[in-house]
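Residue numbers (my numbering), protein chains in the order written: chain A, 75 to 183; chain B, 2 to 116.
Okay, here's the thing in structure tokens:
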């Protein structure tokens, strides 16, 4: 079945540093969604990308969808302690969301 | 407005028992999906129900079943529990059955521990 692979699995940064997580697929994706899950919490929808080469920004977060629609990235500028959590990419395949394994971000002040 | 509500929040069961988890979607949402999230992994799709009909099923054994009621709430049932069923069970609701136009909202989940 369709899978999305995420790297890195873990990332630790100092507060103020940038952070990027990558999501890759061997097949063309119809869309990519990004979720954030705080420790002990539930996934919260961040954004959906649909178009080839699409770039969307939410404050310090920048989301990109590759030209071939096989990869995506989430970049956080100047991380804050509130950015701590696991970031998942997911592909809506029919009725199912197929999630990657996530990138867990820790931030030290 | 209330978000997606799930109950119970935490429960402990013994191997071989069965469990029923409940979910109420956001008001106006007709689609409910269930996901299993094992520690350290991303959520895995179990079922989707829309307008009381099963619209999708993930790669889970027949011990897992679900249904959706006329008020669009849903139950997930798991029989003959195994230790490996220990996980966070997430319910998600959306307006429609899927596709790019439907944002999915997750509940806070039910933490199931099987001992």
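The beta carbon of each residue, even a glycine, is placed where N, CA and C say it ideally should be.
Proximal chain B residues relative to residue i, where beta-carbon distance stays under 8 Å
i	result
residue 103 of chain A	Neighbours of residue 103 of chain A on chain B: none; closest Cβ ~11 Å, over 8 Å.
residue 95 of chain A	Going along chain B, no residue has its Cβ under 8 Å from residue 95 of chain A, so there is no contact; the nearest lies around 13 Å.
Chain-ordered chain B contacts of residue i [CB-CB under 7 Å]
i	result
residue 51 of chain A	Because chain A here runs from 75 to 183, residue 51 of chain A falls outside it and cannot be looked at.
residue 113 of chain A	By Cβ distance, chain B contributes nothing, its closest Cβ being about 12 Å from residue 113 of chain A, past 7 Å.
Cut-off 6 Å between Cβ atoms - residues of its own chain near residue i, not counting five sequence neighbours on either side
i	result
residue 107 of chain B	91, 93
residue 128 of chain A	139
residue 90 of chain A	152
residue 98 of chain A	79, 145
residue 73 of chain B	26, 31
residue 141 of chain A	126, 127
residue 11 of chain B	112
residue 44 of chain B	36, 38, 91
residue 92 of chain A	151
Proximity to residue i [Cα-Cα], best of the options
i	options	result
residue 96 of chain B	B:86, B:60, B:84, B:31	B:31
residue 95 of chain A	A:168, A:110, A:115, A:169	A:110
residue 84 of chain A	A:182, A:178, A:183	A:178
residue 42 of chain B	A:180, A:168, A:79	A:79
residue 88 of chain A	A:166, A:156, A:171, A:164	A:156
residue 120 of chain A	A:113, A:100, A:148	A:148
residue 6 of chain B	B:116, B:28, B:12, B:59	B:28
residue 69 of chain B	B:13, B:14, B:24	B:24
residue 115 of chain B	B:38, B:53, B:15	B:15
residue 168 of chain A	B:8, B:4, B:57, B:45	B:57
residue 174 of chain A	B:39, B:8, B:110, B:109	B:39
residue 52 of chain B	B:4, B:44, B:71, B:37	B:71
Contacts that residue i makes with chain A (C-beta to C-beta distance below 8 Å)
i	result
residue 109 of chain B	115, 116
residue 123 of chain B	Any answer about residue 123 of chain B is impossible in this case: the structure gives chain B only from 2 up to 116.
residue 49 of chain B	169, 170
residue 59 of chain B	170
Own chain, CB closer than 7 Å to residue i, minus 5 neighbours either side, in chain order
i	result
residue 134 of chain A	150, 151, 152
residue 64 of chain B	79, 80, 81
residue 176 of chain A	80, 160, 161, 162
residue 143 of chain A	102, 103, 126
residue 13 of chain B	114, 116
Residues of its chain near residue i, where Cβ-Cβ distance is below 8 Å and the 5 sequence neighbours each way are ignored
i	result
residue 67 of chain B	35, 47, 48, 50, 55, 75, 76, 77, 78
residue 115 of chain A	159
residue 103 of chain B	32, 95, 96, 97
residue 165 of chain A	76, 78, 99, 103, 104, 105, 106, 107, 171, 172
residue 110 of chain B	7, 10, 38, 89, 90, 91, 92
Amino acids of chain A, ordered along the chain, whose beta-carbon sits closer than 7 Å to that of residue i
i	result
residue 104 of chain B	119
Listed by chain order, chain A residues near residue i by CB distance under 9 Å
i	result
residue 91 of chain B	116, 117
residue 97 of chain B	Simply none; closest approach about 10 Å.
Neighbouring residues, chain B, relative to residue i (Cβ below 9 Å)
i	result
residue 173 of chain A	36, 38, 42, 43, 44, 45, 46
residue 162 of chain A	43, 44
residue 176 of chain A	41, 42, 43
At 3 residues or longer, what runs of the beta strand (DSSP E) sit wholly inside the region 11–49 of chain B?
11–14, 20–25, 32–38
Whole beta strand (DSSP E) elements within the region 54–95 of chain B, 3-residue minimum:
54–58, 65–69, 75–79, 88–95
Counting Cβ pairs closer than 8 Å, one from the region 78–88 of chain B and one from the region 15–23 of chain B, do we hit at least three?
yes
Within the region 98–131 of chain A, ranges of the beta strand (DSSP E) (whole runs, at least 3 residues)
106–111, 118–123
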